[in-house]
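See below for the structure under consideration.
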Amino acid sequence: MENLQSIIKKSVREMPPSGIRKYFDLINEMDDVISLGIGEPDFVTPLHIREAGIRSLENGHTHYSANAGMIELREEIAKYVFRKQELRYNPKDEILVTVGASEGIDLPLRAILEKDDEVIVPEPSFVAYNGCIRACGGVPVPLVLTEDSKFKINPKKLEALITSKTKAVIIPFPNNPTGSIMTKEELSELVPILKGKNILILSDEVYASLTYGRKHASIAEFDEIKDQVIYINGFSKSHAMTGWRLGYICCNKNLLQHMAKIHQYALMCSPTVAQYAGIEALQNGDEQVAKMVNEYDRRRKYMVKRLNDMGLTCFEPEGAFYVFPNITSTNLTSEEFCERVLKEQKVLVVPGTAFGDSGEGFIRATYASSLENIEVAMDRIEKFIKGLIK
Numbered sequence: 002m003e004n005l006q007s008i009i010k011k012s013v014r015e016m017p018p019s020g021i022r023k024y025f026d027l028i029n030e031m032d033d034v035i036s037l038g039i040g041e042p043d044f045v046t047p048l049h050i051r052e053a054g055i056r057s058l059e060n061g062h063t064h065y066s067a068n069a070g071m072i073e074l075r076e077e078i079a080k081y082v083f084r085k086q087e088l089r090y091n092p093k094d095e096i097l098v099t100v101g102a103s104e105g106i107d108l109p110l111r112a113i114l115e116k117d118d119e120v121i122v123p124e125p126s127f128v129a130y131n132g133c134i135r136a137c138g139g140v141p142v143p144l145v146l147t148e149d150s151k152f153k154i155n156p157k158k159l160e161a162l163i164t165s166k167t168k169a170v171i172i173p174f175p176n177n178p179t180g181s182i183m184t185k186e187e188l189s190e191l192v193p194i195l196k197g198k199n200i201l202i203l204s205d206e207v208y209a210s211l212t213y214g215r216k217h218a219s220i221a222e223f224d225e226i227k228d229q230v231i232y233i234n235g236f237s238k239s240h241a242m243t244g245w246r247l248g249y250i251c252c253n254k255n256l257l258q259h260m261a262k263i264h265q266y267a268l269m270c271s272p273t274v275a276q277y278a279g280i281e282a283l284q285n286g287d288e289q290v291a292k293m294v295n296e297y298d299r300r301r302k303y304m305v306k307r308l309n310d311m312g313l314t315c316f317e318p319e320g321a322f323y324v325f326p327n328i329t330s331t332n333l334t335s336e337e338f339c340e341r342v343l344k345e346q347k348v349l350v351v352p353g354t355a356f357g358d359s360g361e362g363f364i365r366a367t368y369a370s371s372l373e374n375i376e377v378a379m380d381r382i383e384k385f386i387k388g389l390i391k
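All letters in the sequence shown, in the order written, are residues 2 to 391 by the numbering used here.
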């Protein structure tokens, strides 16, 4: 065939690649690069969790599980979300174990979106939202988050974006890339705007365990809109289990049954070995999570201070493991800054534009790296900035 690409549907052909990807391709050709780019814990999965996975293999647990996930794991998830946020979900028909939180984002969108349906997406935000929406034929509608409002959702701006085509709103807190959170009081202002409307709320809470000085709040805690909420979480960030690919959705059973059908046909079930590890993580992992959070907090404080001291105004994140400093004082675009600091000082950070157009003028750096690496990276970035002034 002369033009194989014509077979690919238009929405996928026109989908841009991740704005992060090219930077990782560049560092493959370089030595001595310190990466503050990838959103992955530098901690190894705690030993007791790894051992649970190993035991499952030694005991021959290598078969498919139930489509929705092992009932033992779903029961532990139900206990966990109640323990952490007093959310009540029936493990039998209101919890679905997914292949990472990423599938938890994709499934609801595939289940609800028809061509040209709209999804309101706060930006800057996780790169996968727009791609998943477009792949389903939907239209992402950006809701711009601003530095002066601490990158939180403005209720009036949200209400102004709702149309007859709006099928869902994404609530992504703690936020990647900004590290912003929304308190229960702030979330309460969104409730009357969304209550009773035929709109789903995709609450991506994968960083819920990583907050500093505040307890995480979920919009699912409001009973009057709980049935509209798809609660999405996973083990990758909280328990340093990125490679295990284990997440979960909690929601009303009348919604979940349809997402479960897509999951059944496309994936059958999540990896069995990961599910056994997940049970152990939820039963006995709180102490290790707390230790990781304390270490992230130490790195967070150091990085924010260093960036501010060198003249890059940095909003203080209260969740996740990212900083999102303003680099407009350098008179460089986000892309220019990242390309030059990589080539000249061998530090990988990510342009804010990878997370939406409103990310221009910012960069994202992660403190999910050792403090030693962060210290060297900050020294190199400071040297780069001083070189711009000359």
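Note that CB positions come from ideal geometry on N, CA and C, so glycine has one too.
The structure presented is a predicted model; accordingly, all values stated were derived computationally and were not measured.
Query                                                                                                                                                                        : Result
Thinking C-alpha only, which one of H217, T212 and E15 is nearest N131?                                                                                                      : E15
Is it buried or exposed for G235, if we count other Cβ within 10 angstroms and need 16 for buried?                                                                           : buried
If you measure between the beta carbons of L211 and G320, is that distance less than 7 angstroms?                                                                            : yes
Check whether chain C comes within 7 angstroms of D380, counting only Cβ atoms and requiring the distance to be less than that.                                              : Of the chains in the structure shown, none is chain C; there is only one protein chain.
Please identify the residue among C270, F338, P18 and L349 whose C-alpha is closest to the C-alpha of E104.                                                                  : C270
For the beta strand (DSSP E) containing R365, name the first residue and the last one.                                                                                       : I364 to T367
What would DSSP say about N91, mapped onto helix, strand or coil?                                                                                                            : coil
Quick check on the burial criterion: 16 or more other C-beta atoms within 10 angstroms. Buried or exposed for F437?                                                          : Since the first residue of the chain shown is 2 and the last is 391, residue 437 is not available in this structure.
Take the Cβ of V128 as the centre, count every other Cβ of all protein chains shown within 10 Å, and call the residue buried at 16 or more, exposed below.                   : buried
Identify whether Y266 lies in helix, strand or coil by the three-state DSSP scheme.                                                                                          : helix
What residues in its chain sit with their C-beta under 6 angstroms from that of L283, if we drop five residues either side in the sequence?                                  : E77 and Y81
Compare the C-alpha of Q265 against each of P17, S12, A112 and P92 and name the closest.                                                                                     : A112
Please state whether the Cβ-Cβ distance between A69 and I233 is less than 7 angstroms.                                                                                       : no
In whole angstroms, what separates the C-alpha of I72 from that of E87?                                                                                                      : 20 angstroms
Output the distance between the C-alpha atoms of V120 and P178, rounded to the nearest integer angstrom.                                                                     : 19 angstroms
In three-state DSSP terms, what is I382?                                                                                                                                     : helix
Going by the CB atoms, is the gap between L108 and C137 shorter than 7 angstroms?                                                                                            : no
Under 8 angstroms by Cβ, that's how I've got P326 and C315 pegged, so tell me the actual separation to the nearest angstrom.                                                 : 4 angstroms
Quick check on Y213: does DSSP put it in helix, strand or coil?                                                                                                              : coil
Provide the residue span of the alpha helix (DSSP H) that contains I72, from first to last.                                                                                  : I72 to Q86
Sort C252, I364 and V324 by Cα distance to L333 and report the nearest one.                                                                                                  : I364
Which value, in whole angstroms, describes the spacing of the CA atoms of Y323 and G180?                                                                                     : 6 angstroms
Quick one: what's got a C-beta closer than 7 angstroms to K196's C-beta in the same chain, skipping five residues either side?                                               : E225 and I226
Just to confirm my understanding: we take P141, look at its own chain, exclude 5 residues before and 5 after, and list those with CB closer than 6 angstroms. What are they? : V120, V122, N131 and I134
Between L191 and L159, how many whole angstroms is the CB-CB distance? I'm expecting something under 8 angstroms.                                                            : 6 angstroms
So, is M31 buried or exposed, given that buried needs 16 or more other C-beta atoms within 10 angstroms?                                                                     : exposed
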